[in-house]
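Converting from the sequence shown to this note's numbering requires adding 40 to each position, the first position being numbered 1.
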Amino acid sequence: MRTKRRVKAVGIIPARYGSSRFPGKPLAMIAGKPMIRRVYENAIKAELLDEVYVATDDDRIAAVIREIEGNYIMTDSAIDTGTERVAIAVKNIKADIVLNIQGDEPLAPPELLDNLVNAMIQDEGIPVCTPIVQIEEFRDLEDPNQVRVVIDKHNRALYFTRSVIPYNRDIKDRYEWQKETVYWKHIGIYCFRKEFLIDFVDMPEGILENSEKLEQLRILENGYPILAVKTDYSPVCVDVPEDIDIVEKHLMNQ
Numbered sequence: 041m042r043t044k045r046r047v048k049a050v051g052i053i054p055a056r057y058g059s060s061r062f063p064g065k066p067l068a069m070i071a072g073k074p075m076i077r078r079v080y081e082n083a084i085k086a087e088l089l090d091e092v093y094v095a096t097d098d099d100r101i102a103a104v105i106r107e108i109e110g111n112y113i114m115t116d117s118a119i120d121t122g123t124e125r126v127a128i129a130v131k132n133i134k135a136d137i138v139l140n141i142q143g144d145e146p147l148a149p150p151e152l153l154d155n156l157v158n159a160m161i162q163d164e165g166i167p168v169c170t171p172i173v174q175i176e177e178f179r180d181l182e183d184p185n186q187v188r189v190v191i192d193k194h195n196r197a198l199y200f201t202r203s204v205i206p207y208n209r210d211i212k213d214r215y216e217w218q219k220e221t222v223y224w225k226h227i228g229i230y231c232f233r234k235e236f237l238i239d240f241v242d243m244p245e246g247i248l249e250n251s252e253k254l255e256q257l258r259i260l261e262n263g264y265p266i267l268a269v270k271t272d273y274s275p276v277c278v279d280v281p282e283d284i285d286i287v288e289k290h291l292m293n294q
């Protein structure tokens, strides 16, 4: 009997120093630790990740990871996107599955990362998967900074958008929409098959991606499926300095 080949999964955390809204964000202190350290320490708790690396363009960020004897890869500061940085960082690493872990989500639970990797192991026909969470609050339904997604009966994404989708035509009061329809919010963590990730970053930007400014639409527009993995985790991202207080309050509650 042939033994099934063991799958190797690697986590990459892209961490760029420059940011228009929050320069040096990966080094921002959260309850006494740099944010990038918190993200890294969360990620290495995931049982299905064989290795975790920080992909950065700045030695100050690398120094934080060196201090805890972690893994890091230096990348060019001119790289445009986090996904491209991940693809370049992992190119020379032996891996089957690559988890792109957002460097500004210090509260992402290791269990969620494991669930994404496991979804890829269980369904070998899926090139990429990503988590979604049910929208509970009305403000998340219409905020253009929150990305909504609709899925089919097999939990494959049909479309991602900054608009409200689906549109309840017969219900005039939008506050009533959530009573009749389940709405899903996208969480920006991606789990790729390595070969697909390398191909993806070389695909040209499509009309949908250019319109919505959502790079995952490039995958759908080229005819590839995205598996949506449901979770109860509601992301708490650090986009601006004011978000640090919110994250620290969550840490205190935990």
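Beta carbons are placed, not taken as given, at the ideal position from N, Cα and C, and that holds for glycine.
Since we're looking at a predicted model, the values are computed, not measured.
Helix, strand or coil: which one does DSSP assign to residue i?
{"i": "valine 187", "result": "coil"}
{"i": "asparagine 140", "result": "strand"}
{"i": "methionine 69", "result": "strand"}
{"i": "threonine 123", "result": "helix"}
{"i": "valine 276", "result": "coil"}
{"i": "glutamine 294", "result": "coil"}
{"i": "lysine 377", "result": "Because the chain here runs from 41 to 294, residue 377 falls outside it and cannot be looked at."}
{"i": "leucine 257", "result": "helix"}
{"i": "valine 269", "result": "strand"}
{"i": "serine 251", "result": "helix"}
{"i": "lysine 289", "result": "helix"}
For residue i, which beta-bridge partners are listed by DSSP?
{"i": "histidine 226", "result": "Ile172"}
{"i": "alanine 197", "result": "Ile191"}
{"i": "isoleucine 113", "result": "Ala95"}
{"i": "glycine 51", "result": "Val92, Leu139"}
{"i": "proline 74", "result": "Met69"}
{"i": "cysteine 303", "result": "Outside the modelled stretch of the chain, which goes from 41 to 294, sits residue 303, for which no answer is possible."}
Compute the distance between the beta-carbons of residue i and residue j, then report whether it is under 9 Å.
{"i": "valine 92", "j": "valine 138", "result": "no"}
{"i": "threonine 170", "j": "leucine 237", "result": "no"}
{"i": "valine 168", "j": "isoleucine 227", "result": "no"}
{"i": "methionine 160", "j": "arginine 233", "result": "yes"}
{"i": "valine 280", "j": "threonine 121", "result": "no"}
{"i": "valine 269", "j": "leucine 156", "result": "yes"}
{"i": "isoleucine 108", "j": "arginine 77", "result": "yes"}
{"i": "proline 149", "j": "tyrosine 273", "result": "yes"}
Since residue i and residue j are thought to touch, with beta carbons under 8 Å apart, how far apart are those beta carbons, to the nearest angstrom?
{"i": "isoleucine 119", "j": "isoleucine 133", "result": "Actually they are not in contact, since the Cβ atoms of isoleucine 119 and isoleucine 133 sit about 17 Å apart, beyond 8 Å."}
{"i": "isoleucine 70", "j": "isoleucine 229", "result": "Incorrect: roughly 18 Å between the Cβ atoms, too far for contact."}
{"i": "tyrosine 80", "j": "isoleucine 113", "result": "That belief does not hold up - the Cβ atoms of tyrosine 80 and isoleucine 113 are roughly 13 Å apart, past 8 Å."}
{"i": "leucine 153", "j": "alanine 83", "result": "6 Å"}
{"i": "proline 66", "j": "methionine 75", "result": "6 Å"}
Quick check: is the beta carbon of residue i nearer than 9 Å to any beta carbon in chain C?
{"i": "leucine 181", "result": "Absent here is chain C; the protein component of the structure consists of one chain."}
At least 3 beta-carbon pairs within less than 8 Å: the segment 240-254 vs the segment 130-144: Result no; under three Cβ-Cβ pairs closer than 8 Å.
The segment 181-193 in contact with the segment 202-211 per 3-pair CB rule at 8 Å: Yes: at least three Cβ pairs fall under 8 Å.
Contact between the segment 53-68 and the segment 97-107 (3+ Cβ pairs under 8 Å): Three or more beta-carbon pairs separated by less than 8 Å link the segment 53-68 to the segment 97-107, which places the two stretches in contact.
Count the C-beta pairs between the segment 107-117 and the segment 169-184 that are closer than 8 Å, then say yes if the count reaches three, no if not. Touching, no.
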